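Let me begin by presenting the structure, written as structure tokens, before commenting on it.
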Amino acid sequence: MCGIVGYVGKQDGVPFLLEGLQRLEYRGYDSAGVAAVKNGTLRVHKAEGRVRGMADTLPKRVAGPLGIAHTRWATHGPPSDVNSHPHVDTEGRVAVVHNGIIENAAVLRAALEADGVVFASDTDTEVVAHLVARADGEELEDRVRAALRQVEGAYGIAVCDATVPDRIVVARNGSPVVLGVGNGEMFVASDIAALVRHTQQVVFLEDGELATVTADGFRTFTLDAQTTNKTATEVDVTDDDYSRGGHAHYLRKEIGDQPEAVRGTLRGRLDHRFATSRLGGLEINARELRAIRRVKILGCGSAYYSGIAGAHLIETVARLPADAEPASEFRYRSPVIDPETLYVAVSQSGETADTLGAVQEVQRKGGRVLGIVNVVGSSIARATDSGIYLHAGPEVSVASTKAYTCTLTAFALLALHLGRVRDLGPGDGERLIAGLEALPAQIEEVLETEEHIAAVAGRIADATSAFFIGRVAGFPVALEGAQKLKEISYVHAEAYPASELKHGPLALITPDLPTIAVVPDDQMLEKNRSALQQVAARGGRLVVVGHSDPGDGVADDVLLVPRSEPELDPILLGIPLQLLAYHAAVALGRDVDQPRNLAKSVTVE
Ligand code: F6R
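Listed below in structure tokens is the structure:
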């Protein structure tokens with residue numbers, strides 16, 4: 000979703016701002032803009048469309064040692080040149096870029112209009128530019144504080160004023176803002192991706208925190224002007240982590256990253272001596288772990304699907320009742336929070352507004368939440384009571400692949416840990432450890448079958464619809480397979496438990512509708528075979544993903560994965576489905592990394 004970049008230093012900051020915006024393109028956006036201050040004059044250039052288009056028409060005079068820039072994802076008002084950020088006050092003195100939604104924008108706008116202010120755009124953000132320009136206060140930070148005290152809603156915001164050309168004031172409430180500390184220059188962004196090429200020294204703002212940023216440093220404080228003493232931390236992410244590594248798409252690169260990403264999730268966490276996992280961030284002792292009676296997993300989209308697989312793993316390995324629910328629904332249904340339940344919030348970005356809302360709902364009612372998060376220092380990582388980082392490396396493509404696989408791996412570690420403080424014997428613990436250690440090489444094996452998977456993708460890409468079926472452990476794999484296909488190829492796809500086919504969806508089976516069946520060699524194999532027969536009998540095209548060919552010539556195509564420990568099967572079974580979706584999308588000429596209407600991190604509701 001929207002992205003913010005800012006620069007204050009001694010050289011022209013516009014090249015950094017444009018490069019930073021390009022680094023944030025992966026988040027999804029519809030327009031882009033830049034404001035720069037030079038010799039006390041503020042100049043703005045913005046346009047609907049891609050960053051490159053805006054940059055190509057950027058007048059030379061939009062330059063200077065201080066600037067702010069933005070990629071916009073429309074909320075108030077359609078995508079257009081005038082609705083793009085930055086927004087300025089009537090005199091063109093104050094410029095504002097903003098991520099999030101100002102909920103009382105209509106009321107504030109009406110009051111400003113009644114006072115004679117003429118608005119140039121339909122946005123909620125423009126309200127802030129006018130409020131800052133009209134606020135009392137000696138310093139820019141005082142005027143920004145005064146403006147933000149009137150604002151309700153979520154924001155990450157950056158403000159500059161042509162009459163104070165040495166500083167940017169930034170603020171955070173529900174939408175991330177990070178400062179980058181350079182040498183005689185400072186950077187501002189909503190995502191470290193925009194600044195790691197220049198510095199690894201960063202400062203994450205908390206909700207309710209502001210900062211005044213000058214070339215020589217920063218000062219952080221609250222809306223009540225209380226100083227908060229923040230120091231920079233070092234992030235172990237570099238610009239290389241955001242490169243495509245020679246691939247045509249980030250998505251393909253990230254599918255290929257998975258052996259190493261899974262190694263990252265497992266690193267230092269397997270304990271052969273006690274046949275268990277070591278999870279440093281868990282911060283729950285064995286006695287407390289034994290007191291847990293249920294596990295409830297919360298996440299959105301693919302993170303939710305990984306939670307369904309995770310719940311199955313925990314229930315199977317640790318014999319604890321476990322289930323998953325979309326965080327977006329959970330937070331609004333007045334859930335009963337049980338002190339003996341461990342709540343687990345799953346999020347790649349750590350910024351998904353619905354998941355963060357669910358975490359806050361649990362905590363408000365006294366519950367305990369464990370985070371499974373990829374982005375270090377993100378909002379959900381900081382909000383949760385304890386956590387397991389994925390260490391999958393940055394995921395740039397909008398569709399999740401390596402974070403999904405690493406989340407399943409993290410769930411296996413959690414299930415092993417919960418199991419070993421309960422009744423799981425050391426033999427089973429060792430067996431699961433061996434299975435986890437084998438995963439990276441087994442993922443490599445699946446990746447080597449890419450050519451075959453691409454050919455199968457070519458055969459299903461022209462379908463207008465597809466079914467994905469699976470049972471028990473295979474069902475969440477089917478859900479995620481359908482999710483990948485629909486979001487990047489735009490082929491309509493639906494997942495069903497294979498057992499449910501005959502209760503309705505079978506009516507839709509025709510030779511034109513491919514069914515992708517997840518059929519591992521597990522206890523459901525025989526029952527799955529009869530579902531395959533039902534599809535084949537109606538002339539339906541069948542692609543089987545599993546450990547062996549189901550036989551009887553029933554499958555038109557088979558995508559094989561190596562055998563793993565049965566509890567870990569879903570991890571490997573998901574990989575061919577990622578490649579299948581990827582190659583279908585490529586065959587259809589889709590924008591694989593930035594599918595239409597989707598954003599990488601959904602920071603608004
Ligand atoms: C699907 C996808 C989304 C995300 C969802 C949650 O490929 O990427 O469904 O999984 O928006 O995002 P995070 O994990 O960042 O909370």
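If you number the sequence shown the way numbering that gives the first Met the number 0 does, the last residue is 604 and the count never jumps. The beta carbon of each residue, even a glycine, is placed where N, CA and C say it ideally should be. No experiment lies behind these values; they were computed from the predicted model shown.
DSSP three-state assignment for residue i, whether helix, strand or coil
{"i": "Lys-229", "result": "coil"}
{"i": "His-69", "result": "strand"}
{"i": "Asp-238", "result": "helix"}
{"i": "Asp-427", "result": "helix"}
{"i": "Arg-243", "result": "coil"}
{"i": "Arg-292", "result": "coil"}
{"i": "Phe-644", "result": "Nothing can be reported for residue 644: it is not among the residues displayed for the chain, which extend from 0 to 604."}
{"i": "Leu-178", "result": "strand"}
{"i": "Asp-141", "result": "helix"}
{"i": "Asp-556", "result": "strand"}
{"i": "Pro-496", "result": "strand"}
{"i": "Val-13", "result": "helix"}
{"i": "Asp-505", "result": "Here the sequence assigns Leu to residue 505, which means Asp is not the residue at that position. DSSP places Leu-505 in helix when its eight states are reduced to three."}
{"i": "Gly-152", "result": "strand"}
{"i": "Thr-463", "result": "coil"}
{"i": "Gln-593", "result": "coil"}
{"i": "Glu-479", "result": "helix"}
{"i": "Val-117", "result": "coil"}
{"i": "Ile-100", "result": "coil"}
{"i": "Val-445", "result": "helix"}
Boundaries (first-last residue) of the alpha helix (DSSP H) holding residue i
{"i": "Thr-340", "result": "Run containing Thr-340: none in the alpha helix (DSSP H); it sits in the beta strand (DSSP E), 340-346."}
{"i": "Tyr-6", "result": "Run containing Tyr-6: none in the alpha helix (DSSP H); it sits in the beta strand (DSSP E), 2-7."}
{"i": "Gly-356", "result": "352-363"}
{"i": "Leu-415", "result": "401-419"}
{"i": "Gly-545", "result": "Careful: Gly-545 lies outside any alpha helix (DSSP H), inside the beta strand (DSSP E) at 541-545."}
{"i": "Ala-109", "result": "104-113"}
{"i": "Val-131", "result": "124-133"}
{"i": "Ala-308", "result": "301-317"}
Check: residue i C-beta below 7 angstroms from any heavy atom of the ligand F6R
{"i": "Ser-189", "result": "no"}
{"i": "Ala-35", "result": "no"}
{"i": "Cys-405", "result": "no"}
{"i": "Ala-398", "result": "yes"}
{"i": "Ser-547", "result": "no"}
{"i": "Ser-301", "result": "yes"}
{"i": "Val-476", "result": "no"}
{"i": "Thr-351", "result": "yes"}
{"i": "Thr-354", "result": "yes"}
{"i": "Gly-99", "result": "no"}
{"i": "Gln-347", "result": "yes"}
{"i": "Glu-486", "result": "yes"}
{"i": "Gly-2", "result": "no"}
{"i": "Gly-298", "result": "yes"}
{"i": "Gln-482", "result": "yes"}
{"i": "Val-601", "result": "yes"}
Identified DSSP bridge partners for residue i
{"i": "Ala-535", "result": "None; Ala-535 has no bridge partner."}
{"i": "Pro-569", "result": "For Pro-569, which the question treats as bridged, DSSP gives no partner whatsoever."}
{"i": "Thr-213", "result": "Gly-216"}
{"i": "Cys-159", "result": "Ala-94"}
{"i": "Glu-47", "result": "Ser-30"}
{"i": "Lys-37", "result": "Thr-40"}
{"i": "Glu-486", "result": "In DSSP, Glu-486 forms no bridge with anything."}
{"i": "Gly-370", "result": "Ala-344, Gly-386"}
{"i": "Ala-323", "result": "Ile-296"}
{"i": "Glu-208", "result": "Arg-171, Thr-221"}
{"i": "His-491", "result": "Ser-464"}
{"i": "Gly-469", "result": "Pro-496, Val-517"}
{"i": "Ile-191", "result": "DSSP, once it has assigned bridges, lists no residue as partnering Ile-191."}
Delimiting residues of the beta strand (DSSP E) encompassing residue i
{"i": "Arg-381", "result": "It is not in any beta strand (DSSP E) - Arg-381 instead sits in the alpha helix (DSSP H) that spans 378-382."}
{"i": "His-81", "result": "One detail in the question is off: residue 81 reads as Val in this sequence, not His. Premise fails: Val-81 is in no beta strand (DSSP E) and is neither H nor E."}
{"i": "Arg-171", "result": "167-172"}
{"i": "Tyr-388", "result": "385-388"}
{"i": "Ala-391", "result": "No beta strand (DSSP E) holds Ala-391; DSSP gives it neither H nor E."}
{"i": "Ala-516", "result": "514-518"}
{"i": "Ala-188", "result": "185-188"}
{"i": "Val-201", "result": "200-203"}
Proximity test, residue i beta-carbon vs the ligand ATP heavy atom, cut-off 7 angstroms
{"i": "Thr-383", "result": "In terms of ligand content, the structure shown lacks the ligand ATP and carries the ligand F6R instead."}
*For the segment 248-285, which segments carrying the alpha helix (DSSP H) assignment without a break, of at least 4 residues, lie completely within its bounds, in sequence order?*
249-255, 257-265
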